[in-house]
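Participant: Submitted below is the structure of interest, expressed as structure tokens.
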Amino acid sequence: MAMQLPSQRSRGRRAPMAEINVTPLVDVMLVLLIIFMVTAPLLTAGVPVNLPDSRAKPLDQDQKPVQISMEAGGKIHVDQDEVSQDILPDVLRQLAAKTEGGKPPQIFLRADKSLDYGRVMRVMGELNHAGLNRVALVTVGDDGK
Numbered sequence: 003m004a005m006q007l008p009s010q011r012s013r014g015r016r017a018p019m020a021e022i023n024v025t026p027l028v029d030v031m032l033v034l035l036i037i038f039m040v041t042a043p044l045l046t047a048g049v050p051v052n053l054p055d056s057r058a059k060p061l062d063q064d065q066k067p068v069q070i071s072m073e074a075g076g077k078i079h080v081d082q083d084e085v086s087q088d089i090l091p092d093v094l095r096q097l098a099a100k101t102e103g104g105k106p107p108q109i110f111l112r113a114d115k116s117l118d119y120g121r122v123m124r125v126m127g128e129l130n131h132a133g134l135n136r137v138a139l140v141t142v143g144d145d146g147k
């Protein structure tokens, strides 16, 4: 029987390894997945408003609604843009012109609970005047307390 010693092997280079180690790739992808899962809910915060409590159930929605936020200081935001009380009717008319499928867009009204009832009703009156009658008032869930 002949035995092959290491010195008798081919004198050229070693053959390349044809296997790919995927363990580091999987580790990196899992870390990225966790980072995105933690940060995604934080990106939808919007304008900070102290909302009132309610026991109402959440609404089903077909399309992305337009959020109108009213801060305690009286500032009004349409989505993320601050809008003055003077140009609010014009902005609302432009929103009403963007009808999809014959329906005006859904409006989520987020008003600070310390606001005067009259201010909230003024904005709701402007919404109605512009033809935006699909309005939902956003509250914080009560959790059965």
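Heads up: the sequence shown at position 23 corresponds to 25 in the numbering used here, and the numbers run straight through without jumps.
All C-beta atoms, glycine included, are put in the ideal place defined by N, C-alpha and C.
In this text, all values refer to a predicted model and were calculated from it rather than measured experimentally.
Whose C-alpha, out of Lys-66, Ser-86, Pro-67, is nearest the C-alpha of Glu-73?
Facilitator: As a first step, residue 73 must be located in the sequence shown, where it is residue number 71. Answer by Cα proximity: Ser-86.
Participant: So does the segment 94-103 actually touch the segment 128-136, counting three or more Cβ pairs closer than 8 Å?
Facilitator: yes
Participant: Let me check one thing: in DSSP terms, what residues is Ala-113 bridge-paired to?
Facilitator: The count along the sequence shown starts at 1 and reaches residue 113 at position 111. Assignment of beta-bridge partners to Ala-113 by DSSP yields Met-72.
Participant: Return yes when the Cβ of Pro-18 is within less than 8 Å of the Cβ of Val-68, no when it is not.
Facilitator: Translated into the one-based positions of the sequence shown, residue 68 becomes position 66. Translated into the one-based positions of the sequence shown, residue 18 becomes position 16. Taking 8 Å as the Cβ cut-off, Val-68 and Pro-18 do not qualify as a contacting pair.
Participant: According to the neighbour-count rule (16 or more other Cβ atoms, all chains shown, within 10 Å of its Cβ), is Ala-20 buried or exposed?
Facilitator: The count along the sequence shown starts at 1 and reaches residue 20 at position 18. Under this definition Ala-20 is an exposed residue.
Participant: Whole angstroms is fine: what's the gap from Arg-15's alpha carbon to Pro-26's?
Facilitator: Here the question's residue 15 lines up with position 13 in the sequence shown. Here the question's residue 26 lines up with position 24 in the sequence shown. Their backbone Cα atoms lie some 27 Å apart in a straight line.
Participant: Which residue comes first and which comes last in the beta strand (DSSP E) that contains Ile-78?
Facilitator: On the sequence shown, residue 78 is found 76 positions in, with the first residue counted as 1. Taken as a continuous stretch (DSSP letters only), the beta strand (DSSP E) holding Ile-78 covers 78-80.
Participant: Can you tell me the Cα-Cα spacing of Lys-77 and Ala-138, whole angstroms?
Facilitator: For the purposes of this step, residue 77 is taken as the residue at position 75 of the sequence shown. For the purposes of this step, residue 138 is taken as the residue at position 136 of the sequence shown. Cα-Cα distance, rounded: 19 Å.
Participant: Beta-carbon within less than 6 Å of Leu-111's beta-carbon, same chain only, minus the 5 sequence neighbours each way: which residues are those?
Facilitator: Position 109 of the sequence shown, counting from 1, holds the residue named residue 111. Result list for Leu-111: Ile-70, Val-137, Leu-139, in chain order.
Participant: Find out if the Cβ-Cβ distance for the pair Leu-53, Val-142 is shorter than 8 Å.
Facilitator: Here residue 53 refers to the residue found at position 51 of the sequence shown. Here residue 142 refers to the residue found at position 140 of the sequence shown. The answer is yes: Cβ separation under 8 Å.
Participant: Spell out the partners DSSP gives Glu-84 in its beta bridges.
Facilitator: Taking the first residue of the sequence shown as 1, we reach residue 84 at position 82. Glu-84 is bridged to His-79.
Participant: Measure the C-alpha to C-alpha separation of Glu-128 and Leu-90 and round it to an integer number of angstroms.
Facilitator: As a working mapping, residue 128 is identified with position 126 in the sequence shown. As a working mapping, residue 90 is identified with position 88 in the sequence shown. Their Cα atoms are separated by approximately 8 Å.
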